[in-house]
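These notes are about the structure you will find just below.
Numbering (the numbering used here), first residue to last: -9 to 424.
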């Protein structure tokens, strides 16, 4: 593994925590309460508690791995350090590819919600122009400096969380305890189905850690930021579900498109509805901007470690000290995905890819304990390897819920990537032995 020469460590606890929260709280939370209530009824709170426990186990693995391996690249770097170039290549492609697809999907969702405000955003050339300006501007901001990129992420986080907190604080006055009364406990099937959906709403922590080579005092900052951000998201999700369910009751299920906005319209009137619609738009924009800050570092890391044969991607801007070519490349690919709008079938592949990356990180924790000697101040998960093993079991459980077609598709994708990796290795050998 090669060090991040040229990158500057400027991100502290607040900046990294805001980065993770910004990525995790995306478009999903604005539809989540109605979906979970439709499955679990008034017992939906159990899904949040169960899923919160599961995600904590997994992020503990990220905290230890991030404390041991401090270079940029996030989960890719942890896996590459533990298991070598091949595993790192697969993890890097899975992580960056799924993030690109997710970012493009959120960008289209952003256009769709803007179209509900003004139909002009349904016009094709307006959509293309908007996407081009948005991705170009975000790329420029992140190229000009990490400080600017993190500053934008902090602003987005505050703007997206503020209306949610306002809904929580004001909404208590309209909560009916009868709507929160749990008449019967959910079945295991209901809990499993709802938790599977809810689990994906917590994804994003791994993306926020990609900037590892630019984090100040990473051994302390990474674990603290993970616990702050995960704790914030779990508590906020539980509060939002409680308010929406307490205010709307069974009627919540009938408003799957915008349950938070519908709840806000009861709690705060028409102004509340508009506020939450705007909040949803800001949240989606925040996900896209956070992706442009984080995911290009995976391309940079893959090139830096010579896992992919594109040296230009690991270049650092002489003035701004950012991986400018990786940022431009990522923005261009994501823009193309968003403009085509034909990548819906890839969403399941992206989801399973991220689960495989999580699996790799949990395994990497066990391996890194054996290969890297502990240093003073380094975070270590208590209880030996129990937490990593539990995480592995949980991830395998989630993967077992994929259909046979999805599992076959993932297997084929891995096979194709393996052939590509073999080709890259062959080319490298020929160049080194002319």
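Glycine residues also receive a C-beta, built at the ideal position from the N, C-alpha and C atoms.
All of these numbers come straight from a predicted model, not from anything done at the bench.
Subject >> According to DSSP, residues forming a beta bridge with residue 228 >> reply: DSSP, once it has assigned bridges, lists no residue as partnering residue 228.
Original post:
Under a Cβ-count criterion, where at least 16 other Cβ atoms within 10 Å of its own Cβ denotes burial, should residue 332 be classed as buried or exposed?
Top reply: For residue 332, the predicted model reports a pLDDT of 47, less than 50, meaning its position is unreliable; a value from the coordinates is still stated below. Flag for residue 332 reads exposed.
**OP:** Identify the continuous alpha helix (DSSP H) that holds residue 502 and give its terminal residues.
**Re:** Lying outside -9 to 424, the shown extent of the chain, residue 502 is not represented and no answer is given.
Original post:
So what does residue 272 bridge to, in DSSP terms?
Top reply: BP columns for residue 272 are empty, so no partner.
**OP:** Assign residue 155 to one of two classes, buried (16 or more other C-beta atoms within 10 Å of its C-beta) or exposed (fewer than that).
**Re:** exposed
Subject >> residue 366 burial status per 10 Å Cβ neighbour count (16 or more: buried) >> reply: exposed
Original post:
Which two residues bound the contiguous alpha helix (DSSP H) that contains residue 317?
Top reply: 314 to 330
Original post:
For residue 65 versus residue 277, is the C-beta distance shorter than 7 Å?
Top reply: no
Subject >> For residue 205: DSSP bridge partner residues >> reply: 1
Original post:
By the 10 Å Cβ neighbour count, where 16 or more other Cβ atoms means buried, how is residue 171 classified, buried or exposed?
Top reply: exposed
Original post:
Can you give, in chain order, each stretch of the alpha helix (DSSP H) that sits fully within the segment 281 to 318 and has at least 4 residues?
Top reply: 286 to 294
Original post:
Looking at the unbroken alpha helix (DSSP H) that takes in residue 40, where does it start and where does it end?
Top reply: 35 to 58
**OP:** Answer yes if the segment 148 to 163 comes into contact with the segment 256 to 263, meaning at least three C-beta pairs across the two stretches below 8 Å, and no otherwise.
**Re:** yes
Original post:
Does the Cβ of residue 387 have 16 or more other Cβ atoms within 10 Å, making it buried, or fewer, making it exposed?
Top reply: exposed
Subject >> Assumed close pair residue 93, residue 343 - CB separation to whole angstroms, cut-off 8 Å >> reply: Contact flag wrong, Cβ pair sits at about 14 Å.
Subject >> Straight-line Cα distance separating residue 129 from residue 374 >> reply: 42 Å
Original post:
From 414, 309, 105 and 293, pick the residue whose C-alpha is nearest to that of residue 302; which is it?
Top reply: 293
Original post:
How about residue 358 and residue 72: are their beta carbons less than 7 Å apart?
Top reply: yes
Original post:
How many whole angstroms separate the CB atoms of residue 281 and residue 78, which I take to be in contact at a CB cut-off of 8 Å?
Top reply: Actually they are not in contact, since the Cβ atoms of residue 281 and residue 78 sit about 21 Å apart, beyond 8 Å.
Original post:
Considering only residues of the same chain and omitting the five flanking positions on each side of residue 29, which have a CB-CB separation below 7 Å?
Top reply: 180, 183 and 184
Original post:
Do you know offhand how far residue 83's Cα is from residue 11's?
Top reply: 23 Å
Subject >> Contacting residues, own chain, Cβ-Cβ under 8 Å from residue 32 (five flanking each side not counted) >> reply: 169, 170, 171, 172, 173 and 235
Original post:
For residue 396, which of helix, strand or coil comes out of DSSP?
Top reply: helix
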